[in-house]
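J.: Going by the UniProt record's numbering, the sequence shown opens with residue 1, and the numbers climb by one from there. Positions of the beta carbon are idealized from the N, C-alpha and C atoms, including for glycine.
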Amino acid sequence: MGTLWHGGTIYTLQNPTHTVEALFVENGIICDLGKVSEVRERYQKNITSEINLEGSFLYPGFVDSHLHMVGHGEKLIRLDLSNMSSIEEILLHIERRVKTIEKGEWIIAEGWNENNFEKQAIIHRRQLDNISTEHPIMLTRVCRHAIVVNSYALKLAGIDESTENPEGGVIVKDDKGIPTGYLLDQAQELVKSIMPLVSNSYLTKALSHSIDDLLKKGYVGGHTEDLNYYNGFEHTFQTFLNIIDGVKMKFRTNMLVHHEVVDDMHMLGYHFGDVSPFIQLGAMKIFADGSIGGRTALLKEPYSDEPLENGVAIQTLEDLRELVQKARIYEMPVAIHAIGDLALEYALDAISTYPCKEGLRDRIIHAQVVNEQLIEKLKKLPVVLDIQPRFVASDFPWVIERLGEKRIKYAYVWKTFLKEKIMCAGGSDAPIEPIDPLLGIHAAVTRRNPNEYHHIGYHPEEKLTPFEAIQLFTVGSAYAIGEEGFRGKIEKGYLADFTVFDKDLLNISGPDEIIDAKVLMTVVDNTVMYKRNEFKE
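1. To the nearest angstrom, how far is it from the Cα of Val-334 to the Cα of His-366?
2. Run through the DSSP bridge pairs and tell me what Trp-112 is partnered with.
3. Whole angstroms is fine: what's the gap from Pro-437's alpha carbon to Lys-419's?
4. Could you check which residue in Gln-14, Gly-28, Leu-67, Lys-35 has the C-alpha nearest to that of Gly-440?
5. Give me the Cα-Cα distance between Val-98 and Thr-499, rounded to the nearest whole angstrom.
6. Helix or strand or just coil, what does DSSP make of Asp-386?
7. So is Phe-486 buried or exposed if we call it buried at 16+ other beta carbons inside 10 Å?
8. Beta-carbon separation of Val-384 and Gly-290 under 9 Å?
9. Between which residues of its own chain and Leu-13 is the CB-CB distance below 8 Å, once the five residues before and five after are set aside?
10. Starting from Gln-44, follow the alpha helix (DSSP H) in both directions and report where the run begins and ends.
11. Identify which residue in Ser-394, Leu-156, Asp-525, Asn-533 has its Cα closest to the Cα of Ile-29.
12. Which same chain residues, not among the five before or five after Leu-197, have their C-beta less than 8 Å away from its C-beta?
13. With DSSP as the reference, identify every bridge partner of Glu-26, one or two as the case may be.
14. What residue does the alpha helix (DSSP H) around Ala-480 start on, and which one ends it?
15. Residues in the same chain with beta-carbon distance under 6 Å from Asp-264, minus the five sequence neighbours each way, listed in chain order, please.
16. Assuming Asp-226 contacts Val-70 under a Cβ cut-off of 8 Å, what Cβ separation, rounded to an integer in Å, is found between them?
17. Taking 8 Å as the cut-off, does the stretch 387-404 touch the stretch 415-434 (at least 3 CB pairs, one atom from each stretch)?
18. Give me whichever residues DSSP pairs with Glu-225 in a beta bridge.
19. Determine contact between the stretch 135-144 and the stretch 104-124, defined as no fewer than three beta-carbon pairs at a distance below 8 Å.
20. Kindly indicate which three-state DSSP category Phe-287 falls into: helix, strand or coil?
21. What does DSSP give as the partner residues of Ala-338 in its beta bridges?
22. Looking only at its chain, what residues have a beta carbon closer than 8 Å to the beta carbon of residue 595, apart from the 5 residues adjacent to it on each side?
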């Protein structure tokens, strides 16, 4: 017994123009598609329900190929700094928050970005001390590769002028050798390790808010990395199992496993692959470097605006090789965060030294800075690039000063990857960037912010077509986890996961119309998990 979907435009994504009138779905699988009259006739005895799309546009379900689901939920429930345009505005909001909590409680806020400030300065611990010396304060940079804390938090962490940089991190100090409160990459862990444990109720609240928002934005699933940050693997993983139960909540979740908890995963009896119809344990996650914004992305040559810096190697080349080898022992692919060209070189070296088991695919997350030699290496390896198109809108124009005119030509080169037949998947990296896939698609198509009408886009030769951009979040996300044979398109035998919009994203008069589209329904396993109020099927 099944469902007939009809009454709108159904894009199969088999090519940019292919559409069908109707689908018949049974047991969560697309059984047939074609003209509504013919499908109805073939399955008239099996149709127990019908959904009329009322002229809307149905696509294969969108999947975010790289995000942090709990982190996105935290952004929704914490103080969000991402849209604040000055240090003064941030300090004002922190001061207001202090007045609402008891002494000794932590104040945690997310998403500041000095590149959005008129005066591009980093917040100093003294500015936070002026607000409170009785509350530990931690402000996380938008990239999540840096934090600023006050003196109280530094004291709790035991950080002073005698504290040396941890491996893979930097404690920024002033000219007198005194910490400024600015901590980069692994140095963050000195503070995070002494913070109170996350409660079950907090984690449940954050994840529930996140999934609700993801469904509202049109996502049927996501590839997420959360398992090393909230009281360890077991606590976090059990929360996912509790919430995504396959009955009340259906959301297809592929979970990257941070290398620091991969042993815990196996000791608890879990392995790479499906745990339930909606939860999978995916690749082993490794960080090779940091971010361009914090100048911790590892580059072959120094930063153009900071000639003495070329970034941070979170893992040495030898350590990276050992971690990839460990993943192979566990029969797991790897997902390596590599933003800088030297980090990518290290990652590809490690992957080549210890190749992936046949049938599996490794992933490079971000791959923002490349060169001709690296592109040639990528073409020869079974790797998928997890790219975040929205980074173009967020990072330009300031990133040009970081990388320089020569190097920027090989940065954020999404079209080049596709032309070279390097498979790409599309994600947001939320909470780093906004979760909305339409913003990512818009950035891929326009290479600019929605409000930047005065230019044709940064490096317009790298623009994607709307079809290519949508494929990143559908076909690409499926390919990244080896499921392109039954996810990412509308075909017989494919999962009945759909995203329904009120606009035709593939036939628009102008690219800025993309962000005006509204999600009408999000369907997982033929179950409507989100429906816009005014839509009545």
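T.: In this structure, then:
1. Cα to Cα, Val-334 sits roughly 14 Å from His-366.
2. According to DSSP, Trp-112 bridges with Arg-141.
3. Going by the C-alpha atoms only, they are around 22 Å apart.
4. Taking only the C-alpha atoms, the option nearest Gly-440 is Leu-67.
5. For Val-98 and Thr-499, the distance between alpha carbons rounds to 41 Å.
6. DSSP places Asp-386 in strand when its eight states are reduced to three.
7. Exposed.
8. In this structure, the beta-carbon distance from Val-384 to Gly-290 does not fall below 9 Å.
9. Cβ neighbours of Leu-13 beyond the five flanking positions: Tyr-59, Pro-60, Phe-467, Ile-470, Gln-471, Thr-474, Val-475, Gly-488, Lys-489, Ile-490.
10. Following the DSSP letters along the chain, one finds Gln-44 in no alpha helix (DSSP H), marked with neither H nor E.
11. Here the closest residue by C-alpha is Asp-525.
12. Within the same chain, Asn-231 come within 8 Å of Leu-197 by CB-CB distance, once the 5 residues on both sides are set aside.
13. Answer by DSSP bridge pairing, in chain order: Gly-2, Ile-29.
14. Element bounds for Ala-480: 477-480.
15. Counting only Cβ-Cβ distances below 6 Å, and skipping sequence neighbours, we find Phe-233.
16. Contact between Asp-226 and Val-70 holds, since their C-beta atoms are separated by about 4 Å, short of 8 Å.
17. The answer is yes - the stretch 387-404 touches the stretch 415-434, with three or more Cβ pairs under 8 Å.
18. Looking at the DSSP assignment, Glu-225 forms a beta bridge with Leu-256.
19. Touching, yes, given that three or more Cβ pairs across the two stretches are closer than 8 Å.
20. Strand.
21. DSSP output for Ala-338 lists His-366 as bridge partner(s).
22. Because the chain spans 1 through 537 in this model, residue 595 falls outside it and cannot be assessed.
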